[in-house]
Amino acid sequence: MAQNKEVTKDCIFTALVLLMEQKEYKYITVTDISRKSGISRMTYYRTYSSKEDILVQHFRKIAQSMVDQADGQADEALYSFYSYFLEHKKMTELLKQAELMNLVIDSFSSLTDFLHRTIHPENLKRDTNNYAAHFEAGGLFSILTYWLASEVLESPEEMAKITLEIMKK
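By the count of our numbering, the sequence shown reaches residue 204 at its end, each step adding exactly one.
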(Lines of atoms letter the chains of each structure in order from A and count residues from 1; the text may use other names and numbers.)
(Lines give C-alpha, C1' and ligand atoms only; values in the text may rest on other atoms or scores of the structure.)
Protein backbone atom coordinates (compact mmCIF):
# COMPACT_ATOMS: atom_id res chain seq x y z
CA MET A 1 0.00 0.00 0.00
CA ALA A 2 2.77 2.45 0.94
CA GLN A 3 4.59 1.55 -2.27
CA ASN A 4 1.49 2.42 -4.33
CA LYS A 5 1.31 5.80 -2.61
CA GLU A 6 4.96 6.49 -3.51
CA VAL A 7 4.30 5.51 -7.14
CA THR A 8 1.31 7.87 -7.17
CA LYS A 9 3.44 10.69 -5.74
CA ASP A 10 6.17 10.07 -8.33
CA CYS A 11 3.59 10.13 -11.14
CA ILE A 12 2.13 13.40 -9.88
CA PHE A 13 5.57 15.01 -9.52
CA THR A 14 6.57 13.88 -13.02
CA ALA A 15 3.29 15.18 -14.43
CA LEU A 16 3.88 18.57 -12.80
CA VAL A 17 7.40 18.86 -14.23
CA LEU A 18 6.19 17.82 -17.70
CA LEU A 19 3.43 20.40 -17.52
CA MET A 20 5.96 23.05 -16.47
CA GLU A 21 7.75 22.38 -19.76
CA GLN A 22 4.53 23.23 -21.60
CA LYS A 23 3.22 26.25 -19.71
CA GLU A 24 3.92 28.58 -16.84
CA TYR A 25 3.66 27.08 -13.38
CA LYS A 26 1.06 29.59 -12.23
CA TYR A 27 -1.31 28.47 -15.00
CA ILE A 28 -1.09 24.75 -14.21
CA THR A 29 -4.25 23.49 -12.52
CA VAL A 30 -5.02 20.48 -10.37
CA THR A 31 -7.13 19.20 -13.26
CA ASP A 32 -4.09 19.46 -15.56
CA ILE A 33 -1.95 17.53 -13.09
CA SER A 34 -4.63 14.89 -12.48
CA ARG A 35 -5.13 14.29 -16.20
CA LYS A 36 -1.42 14.19 -16.97
CA SER A 37 -0.66 11.78 -14.12
CA GLY A 38 -3.71 9.59 -14.74
CA ILE A 39 -5.12 9.96 -11.24
CA SER A 40 -8.40 11.38 -9.98
CA ARG A 41 -8.73 14.80 -8.38
CA MET A 42 -9.83 12.97 -5.21
CA THR A 43 -6.53 11.04 -5.16
CA TYR A 44 -4.65 14.28 -5.75
CA TYR A 45 -6.32 15.97 -2.78
CA ARG A 46 -5.80 12.91 -0.56
CA THR A 47 -2.09 13.15 -1.36
CA TYR A 48 -1.39 16.89 -1.59
CA SER A 49 -2.81 20.16 -0.37
CA SER A 50 -1.32 22.31 -3.16
CA LYS A 51 1.03 22.32 -6.15
CA GLU A 52 3.77 23.57 -3.86
CA ASP A 53 3.17 20.58 -1.58
CA ILE A 54 4.06 18.28 -4.50
CA LEU A 55 7.47 19.92 -4.75
CA VAL A 56 8.10 20.17 -1.01
CA GLN A 57 7.32 16.51 -0.34
CA HIS A 58 9.36 15.35 -3.34
CA PHE A 59 12.44 17.37 -2.45
CA ARG A 60 12.24 16.48 1.25
CA LYS A 61 12.29 12.82 0.23
CA ILE A 62 15.28 13.39 -2.09
CA ALA A 63 17.17 15.35 0.59
CA GLN A 64 16.54 12.70 3.23
CA SER A 65 17.76 9.95 0.90
CA MET A 66 20.96 11.94 0.31
CA VAL A 67 21.51 12.15 4.07
CA ASP A 68 20.71 8.47 4.58
CA GLN A 69 23.09 7.36 1.82
CA ALA A 70 25.93 9.67 2.89
CA ASP A 71 26.95 7.37 5.76
CA GLY A 72 27.95 10.36 7.87
CA GLN A 73 30.20 11.80 5.16
CA ALA A 74 29.58 15.39 4.05
CA ASP A 75 31.47 14.91 0.77
CA GLU A 76 29.20 11.97 -0.16
CA ALA A 77 26.09 14.04 0.54
CA LEU A 78 27.44 16.94 -1.52
CA TYR A 79 28.35 14.60 -4.38
CA SER A 80 24.77 13.24 -4.38
CA PHE A 81 23.42 16.79 -4.27
CA TYR A 82 25.37 18.00 -7.30
CA SER A 83 24.80 14.75 -9.21
CA TYR A 84 21.04 14.97 -8.66
CA PHE A 85 20.74 18.55 -9.85
CA LEU A 86 23.06 17.96 -12.81
CA GLU A 87 20.92 15.00 -13.85
CA HIS A 88 17.79 17.15 -13.44
CA LYS A 89 19.21 20.39 -14.85
CA LYS A 90 16.15 21.11 -17.02
CA MET A 91 13.83 20.70 -14.04
CA THR A 92 16.03 23.06 -12.02
CA GLU A 93 15.77 25.68 -14.78
CA LEU A 94 11.97 25.32 -14.77
CA LEU A 95 11.86 25.77 -10.99
CA LYS A 96 14.05 28.84 -11.26
CA GLN A 97 11.84 30.33 -14.01
CA ALA A 98 8.79 29.72 -11.82
CA GLU A 99 10.57 31.45 -8.92
CA LEU A 100 10.31 28.32 -6.78
CA MET A 101 13.94 27.84 -5.75
CA ASN A 102 13.26 29.15 -2.22
CA LEU A 103 10.76 26.33 -1.85
CA VAL A 104 13.43 23.87 -2.94
CA ILE A 105 16.01 25.36 -0.57
CA ASP A 106 13.61 25.01 2.36
CA SER A 107 12.83 21.43 1.35
CA PHE A 108 16.50 20.51 1.59
CA SER A 109 16.81 21.55 5.24
CA SER A 110 17.55 17.98 6.38
CA LEU A 111 20.53 17.91 4.03
CA THR A 112 21.82 21.37 4.92
CA ASP A 113 21.40 20.66 8.65
CA PHE A 114 23.31 17.38 8.19
CA LEU A 115 26.10 19.18 6.35
CA HIS A 116 26.38 21.85 9.02
CA ARG A 117 26.42 19.31 11.88
CA THR A 118 28.97 17.15 10.07
CA ILE A 119 31.30 19.94 8.98
CA HIS A 120 31.04 22.05 12.16
CA PRO A 121 30.44 19.66 15.08
CA GLU A 122 32.14 22.18 17.39
CA ASN A 123 29.26 24.65 16.83
CA LEU A 124 26.42 22.35 17.85
CA LYS A 125 25.90 23.96 21.25
CA ARG A 126 26.13 27.56 20.07
CA ASP A 127 23.04 29.75 19.92
CA THR A 128 23.94 30.80 16.37
CA ASN A 129 23.93 27.22 15.03
CA ASN A 130 20.55 27.50 13.27
CA TYR A 131 21.52 30.79 11.67
CA ALA A 132 24.79 29.35 10.42
CA ALA A 133 23.03 26.32 8.90
CA HIS A 134 20.56 28.58 7.08
CA PHE A 135 23.36 30.83 5.90
CA GLU A 136 25.18 27.81 4.47
CA ALA A 137 21.98 26.57 2.80
CA GLY A 138 21.66 29.83 0.89
CA GLY A 139 25.31 29.63 -0.14
CA LEU A 140 24.97 26.01 -1.25
CA PHE A 141 22.07 26.79 -3.56
CA SER A 142 23.79 29.93 -4.82
CA ILE A 143 26.82 27.84 -5.77
CA LEU A 144 24.54 25.25 -7.39
CA THR A 145 22.75 27.88 -9.47
CA TYR A 146 26.03 29.47 -10.57
CA TRP A 147 27.55 26.08 -11.45
CA LEU A 148 24.58 25.02 -13.55
CA ALA A 149 24.44 28.41 -15.29
CA SER A 150 28.15 28.32 -16.11
CA GLU A 151 27.83 25.22 -18.30
CA VAL A 152 28.96 22.78 -15.59
CA LEU A 153 32.71 23.05 -15.98
CA GLU A 154 33.46 20.93 -12.91
CA SER A 155 32.25 17.42 -12.16
CA PRO A 156 29.94 16.71 -9.20
CA GLU A 157 32.98 15.26 -7.37
CA GLU A 158 34.94 18.46 -7.92
CA MET A 159 31.98 20.58 -6.82
CA ALA A 160 31.61 18.51 -3.66
CA LYS A 161 35.29 19.13 -2.83
CA ILE A 162 35.08 22.85 -3.62
CA THR A 163 31.91 23.31 -1.58
CA LEU A 164 33.26 21.31 1.35
CA GLU A 165 36.40 23.46 1.38
CA ILE A 166 34.30 26.65 1.37
CA MET A 167 31.96 25.38 4.10
CA LYS A 168 34.89 24.42 6.36
CA LYS A 169 36.10 28.01 6.50
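Using N, Cα and C, we set each Cβ at its ideal position, and we do this for glycine too.
Model, not experiment: these values are computed from the prediction.
Residue i (DSSP reduced to helix, strand or coil)
i: K203; result: helix
i: Q108; result: coil
i: H123; result: coil
i: A50; result: helix
i: L113; result: helix
i: Y83; result: coil
i: E41; result: helix
i: S177; result: helix
i: A205; result: One cannot answer for residue 205 here, as it falls past the ends of the chain, which runs 36 to 204.
i: S100; result: helix
Range of the contiguous alpha helix (DSSP H) that encloses residue i
i: Y60; result: Unbroken run through Y60: none, as it is neither H nor E.
i: I68; result: 65-72
i: M189; result: In the sequence as displayed, the identity of residue 189 is Glu instead of Met. Per DSSP, E189 belongs to no alpha helix (DSSP H) and is neither H nor E.
i: L146; result: 144-154
Nearest-angstrom Cα separation, counted from residue j out to residue i
i: E87; j: R76; result: 16 Å
i: K61; j: Y80; result: 18 Å
i: S177; j: Y83; result: 29 Å
i: I201; j: K124; result: 23 Å
i: F116; j: Y181; result: 14 Å
i: N137; j: K203; result: 24 Å
From the options, residue whose alpha carbon lies closest to that of residue i
i: E186; options: E128, K204, E171; result: E128
i: V102; options: L53, I63, R152, E59; result: R152
i: D106; options: I197, E200, L146, V91; result: L146
i: N165; options: D148, T180, I154; result: D148
i: E59; options: S142, Q132, I197; result: Q132
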